[in-house]
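Chemist: My numbering puts the sequence shown at residues 24 to 262.
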Amino acid sequence: MATDTSKYFLVLLLGIAIGVFVGLMFLPPQIVNVQVPAQETIIRAETFIPAITNEGVGTIFPFSVEVKVGTGKLLIDLGNLVFIEDTQNSIKKARIVASEVTGKDINNYDFIYFSDTADLTIIGGESAGAAITILTIAALENKSIPERVIITGAITENGSITKVGAVAAKAKAVGERGYITLLVPPRQSADILSEKVCDETDTIVICRQLTSSKVAKDFVENTVEVSSIYEALPYFGLE
Numbered sequence: 024m025a026t027d028t029s030k031y032f033l034v035l036l037l038g039i040a041i042g043v044f045v046g047l048m049f050l051p052p053q054i055v056n057v058q059v060p061a062q063e064t065i066i067r068a069e070t071f072i073p074a075i076t077n078e079g080v081g082t083i084f085p086f087s088v089e090v091k092v093g094t095g096k097l098l099i100d101l102g103n104l105v106f107i108e109d110t111q112n113s114i115k116k117a118r119i120v121a122s123e124v125t126g127k128d129i130n131n132y133d134f135i136y137f138s139d140t141a142d143l144t145i146i147g148g149e150s151a152g153a154a155i156t157i158l159t160i161a162a163l164e165n166k167s168i169p170e171r172v173i174i175t176g177a178i179t180e181n182g183s184i185t186k187v188g189a190v191a192a193k194a195k196a197v198g199e200r201g202y203i204t205l206l207v208p209p210r211q212s213a214d215i216l217s218e219k220v221c222d223e224t225d226t227i228v229i230c231r232q233l234t235s236s237k238v239a240k241d242f243v244e245n246t247v248e249v250s251s252i253y254e255a256l257p258y259f260g261l262e
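1) Judging by CA-CA distance, which residue of 83, 261, 79 and 222 is the nearest neighbour of residue 70?
2) Does the distance from the CB of residue 258 to the CB of residue 182 come in under 8 Å?
3) Could you tell me how far apart the beta carbons of residue 125 and residue 180 are, in whole angstroms, since I believe they sit closer than 8 Å?
4) Measure the CB-CB distance between residue 190 and residue 175 and report whether it falls below 8 Å.
5) Measure the beta-carbon distance from residue 136 to residue 92 and round it to whole angstroms, keeping in mind my assumption that it falls under 8 Å.
6) Would you call the segment 190-202 in contact with the segment 73-88, where contact means no fewer than 3 C-beta pairs closer than 8 Å?
7) Please return the same chain residues whose Cβ sits closer than 8 Å to the Cβ of residue 243, not counting the five positions on each side in sequence.
8) Looking at the structure shown, is residue 118 part of a helix, part of a strand, or coil, going by DSSP?
9) Rounded to a whole number of angstroms, what is the C-alpha to C-alpha distance between residue 160 and residue 186?
10) Does DSSP classify residue 101 as helix, strand or coil?
11) Can you give me the Cβ contacts of residue 113 inside the same chain, cut-off strictly under 8 Å, excluding the 5 residues immediately before and after it?
12) In the DSSP assignment, the beta strand (DSSP E) including residue 164 goes from what residue to what residue?
13) Excluding the five sequence neighbours on either side, which residues of its own chain have a C-beta within less than 6 Å of the C-beta of residue 212, listed in chain order?
14) Relative to the C-alpha of residue 80, which residue among 221, 96 and 171 is closest?
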């Protein structure tokens, strides 16, 4: 009797197993959603910035920014550029103004500012502020900065462009490189060129500053005075 009961029990289990197997075969296919991380989007903008080297000579140097969605991190990788503290403060001000202009919260983005210049150049003062602001706005708006347009000037947190030094020497360097439009702070298009001239003998080098008859606007075809970043925007196609 016990043996018969065991047989019935085994048959029952076998029947249940077959039923489950058959049932699974006729179930509708299950759709599984696999979450694939979205590709990180990095927006890059590039420009050139007028400057004065530590020898007092006008020059321009390349400067770039990469922006991606993030948490407001700021990284400055300047390579052979040496920026003193007030210029680094200009970068912070530039981000604040760019946020105001674009309406985008900079705390939602990460920024990497960098330069690929090969020459060791010491950049002092806040004269790169306006250019870095334009650069940051272009990146946030995913737009390119037009060629042959360049700007010098300090930036304030309310977007004003203020006075910087050696505008004529910068204008000379800008003009020699074929730029058509140079934006400068108010009342600085008539900045007089002053250059260092050195005389060398067998034992000594004597240098002096010579004042030229030329002013900033003599070096660039279209030298325009702008008092705020908002006035500068149309020249860069960012209005």
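Quick reminder that beta carbons are idealized off the backbone N, C-alpha and C, glycines included. Keep in mind the model is a prediction, meaning the values are calculated, not measured.
Modeler: Taking the structure as given:
1) Working through the sequence shown from its first residue, we reach residue 70 at position 47. The candidate whose alpha carbon is nearest that of residue 70 is 83.
2) Start at 1 with the first residue of the sequence shown, and residue 258 comes out as number 235. Start at 1 with the first residue of the sequence shown, and residue 182 comes out as number 159. The answer is no: Cβ separation not under 8 Å.
3) Your numbering for residue 125 matches position 102 in the sequence shown. Your numbering for residue 180 matches position 157 in the sequence shown. Going by Cβ atoms, the distance from residue 125 to residue 180 rounds to 15 Å, so no, they are not a contact pair.
4) Numbered from its first residue, the sequence shown carries residue 190 at position 167. Numbered from its first residue, the sequence shown carries residue 175 at position 152. For residue 190 and residue 175, yes; Cβs fall inside 8 Å.
5) Numbered from 1 along the sequence shown, position 113 holds the residue referred to as residue 136. Numbered from 1 along the sequence shown, position 69 holds the residue referred to as residue 92. Not a contact, Cβ separation roughly 17 Å.
6) Yes, the segment 190-202 touches the segment 73-88.
7) Looking up residue 243 in the sequence shown gives position 220. So the list reads 194, 197, 198, 202, 203, 204 and 205, once near-sequence residues are dropped.
8) Translated into the one-based positions of the sequence shown, residue 118 becomes position 95. If DSSP states are grouped into helix, strand and coil, residue 118 belongs with the helices.
9) Residue 160 sits at position 137 when you count from the first residue of the sequence shown. Residue 186 sits at position 163 when you count from the first residue of the sequence shown. Computed Cα separation, rounded: 21 Å.
10) Taking the sequence shown and counting its residues from 1, one reaches residue 101 at position 78. DSSP places residue 101 outside both helix and strand once states are collapsed to three, so it counts as coil.
11) As a position in the sequence shown, residue 113 is number 90, starting the count at 1. Same-chain partners within the cutoff: 149, 151, 152, 155, 177 and 178.
12) Reading the sequence shown from its first residue, position 141 is the one you call residue 164. From DSSP, residue 164 is part of no beta strand (DSSP E); its letter is neither H nor E.
13) Here residue 212 refers to the residue found at position 189 of the sequence shown. Only 239, 240, 246 and 248 meet the Cβ criterion.
14) Position 57 of the sequence shown holds residue 80. Residue 80 has its Cα closest to that of 221, out of 221, 96 and 171.
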